[in-house]
Every structure is written in C-alpha cells, then in structure tokens.
Amino acid sequence: MGEPMDEYPTLLAVAHGTRDPAGAATVRALLDRVRALRPWLRVAEAYAEIAAPSLEDALRGIDGPVVAVPLLLARGYHALIDIPGRAERLHPGLVTSRPLGPDGMLADAMIDRMTAALAGGEPPRRTDAVVLGAAGSSDPAGVADVRAAARILARRLRRPVPYGFVAADGPVLAEMVEERRREGADRVLAASYLLAPGLFHHRIEAAGADVASLPIGAHDAVAQLVLDRFDEARLRLGDAVPVA
Numbered sequence: 024m025g026e027p028m029d030e031y032p033t034l035l036a037v038a039h040g041t042r043d044p045a046g047a048a049t050v051r052a053l054l055d056r057v058r059a060l061r062p063w064l065r066v067a068e069a070y071a072e073i074a075a076p077s078l079e080d081a082l083r084g085i086d087g088p089v090v091a092v093p094l095l096l097a098r099g100y101h102a103l104i105d106i107p108g109r110a111e112r113l114h115p116g117l118v119t120s121r122p123l124g125p126d127g128m129l130a131d132a133m134i135d136r137m138t139a140a141l142a143g144g145e146p147p148r149r150t151d152a153v154v155l156g157a158a159g160s161s162d163p164a165g166v167a168d169v170r171a172a173a174r175i176l177a178r179r180l181r182r183p184v185p186y187g188f189v190a191a192d193g194p195v196l197a198e199m200v201e202e203r204r205r206e207g208a209d210r211v212l213a214a215s216y217l218l219a220p221g222l223f224h225h226r227i228e229a230a231g232a233d234v235a236s237l238p239i240g241a242h243d244a245v246a247q248l249v250l251d252r253f254d255e256a257r258l259r260l261g262d263a264v265p266v267a
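Per my numbering, the sequence shown starts with residue 24, numbered consecutively.
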C-alpha cells in the first residue's frame, strides 16, 4: 500500500516508561521495526509515566482516528484503566487494544534472547532449568497473564517453566531460582519477561540465576505482534480499509 491515508488510524504505541535511557531506545528500535513492516502506517510513540512524550503530549500531535496499543506484556492498571481512560478523555472515539501478552510470539522472542545469552549461541540444554522472570502485578488478571506466559514458554521448551516476580507479591524470582538449583539443575536460566531495560531487569539480573536473558526488546516477532494488536482493535473503529 502507498502513502498513509488521512482517514486511516494512527498507531499510538504506549510503553510503561523508565528513567533508563536504554528503555526508551529499545522502544524506539521496536517501533522502527513496526514501521519497516508497514511503511505507510503512521506510528507514534508515548509513555504512560516517567518518560517523554507523555500519552497526552503525543495525542495532542495527532489528527484523525487513533488506535492505542499498550506495549505491555500483561493486563493490569495501566493496560485496563490508565491508558484507555486517559486516551479516550483527550481523544474521544479512540480505541485501545489489548496488551501484547501473553502470546506465543513473545515466547519465541524470549527463546531467541535466551539462546543469545548462552555461550556458543545454543538453545537451553535439557539439564537447564528455566524460570520466567517478570515484574509482577497486583491485579489478578495480570498474574494470570504471567502464569499463561510461563505455560506457553514451557510448551515451546518442552519442560516446566515456573515464574517469579521482582516487584510484586507472589512467587519471588530469587526463591524460584534457588529452588531449581536445590533440585539439581545444571544451570538456572532466568527468561526476562520484560519489554525493555530498566530497574526491573536489573532486579532479574540480581536474582541469582546463572544466566539472565536480555529483555524481549526490538524483536521482529514483537513488531508483528504490535501490528496484530493494532489490526484487532482497528476493526472497532469501523474502518473498512483492508490490512496490508
């Protein structure tokens, strides 16, 4: 398809936000991959908190219909209440997609990150234990989504994958890592279920695993997932323009 059409919605990607400059750089690299997959689509960047541009500032610069895509890996306050509420108040008629996770594409990206983190670039061995490391959530729906993400990763790896949190009540990542070690695992790998670097990833790195993968980040599978969420939500605008 050629140039963007005035009536076609803008994709507003809304990340959580972090003070770590690497976090914003990762979000921008991911959005560059989204643009590469669909060059005619208008894609804008925003953050729910801490980083700039804010959700409100980004929306003030957009004319026409908008689909907001939370760059979040689970349901919770930001995905279900904060982002939709703030966006719709400022831009009536805007629709917000569901968050990115859980999804098999994220599991595939996590496996790629784990493989890259291991010496020799080989996938995890059968004798390795894998624990999914997440920030966590106070919302039961968010906890359920992390649990589902761990199950999806377990199916991909054909081994049990427990999960642990670094910033919320629930299973503690460091304790889950130590439990796998007591069970006799050759190595314990922490699969980072985070989109971008920041405080939470530093906590995953400090949880005692032998290897901690990098955040999922700017991966082609994640870029495609962003577009999938956009397309799902776009239908609620009644836009009849075909997806290309």
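Even glycine gets a Cβ: it sits at the ideal position worked out from N, Cα and C.
Rounded to the nearest angstrom, the gap between the Cα atoms of Ile-73 and Ala-232 is 29 Å. Under the DSSP assignment, Arg-210 falls in the beta strand (DSSP E) whose first and last residues are 210 to 215.
In the three-state scheme derived from DSSP, where H, G and I count as helix and E and B as strand, Ala-157 is classed as strand. At the C-beta level, Gly-99 and Gly-221 stay beyond 8 Å of one another.
Under the three-state reduction of DSSP output, Thr-41 falls in the coil class, being neither helix nor strand.
When beta bridges are read from the DSSP output, Glu-68 appears opposite Ala-36. In the three-state reduction of the DSSP assignment, Asp-151 falls in the strand class. Nearest C-alpha to Ala-191 among Arg-205, Glu-202, Val-249, Val-169: Val-169.
One alpha carbon belongs to Ala-142, the other to Arg-259, and they sit about 46 Å apart.
Look at the stretch 46 to 90 and you find these whole runs of alpha helix (DSSP H), each 4 residues long or longer: 78 to 83. For Gly-187, the uninterrupted beta strand (DSSP E) run begins and ends at 186 to 188, by DSSP.
Beta-bridge analysis with DSSP links Ala-235 to Ala-213.
According to the DSSP assignment, His-114 belongs to no alpha helix (DSSP H), since it is labelled neither H nor E.
Remark: C-beta atoms of Ala-71 and Gly-40 approach each other more closely than 8 Å.
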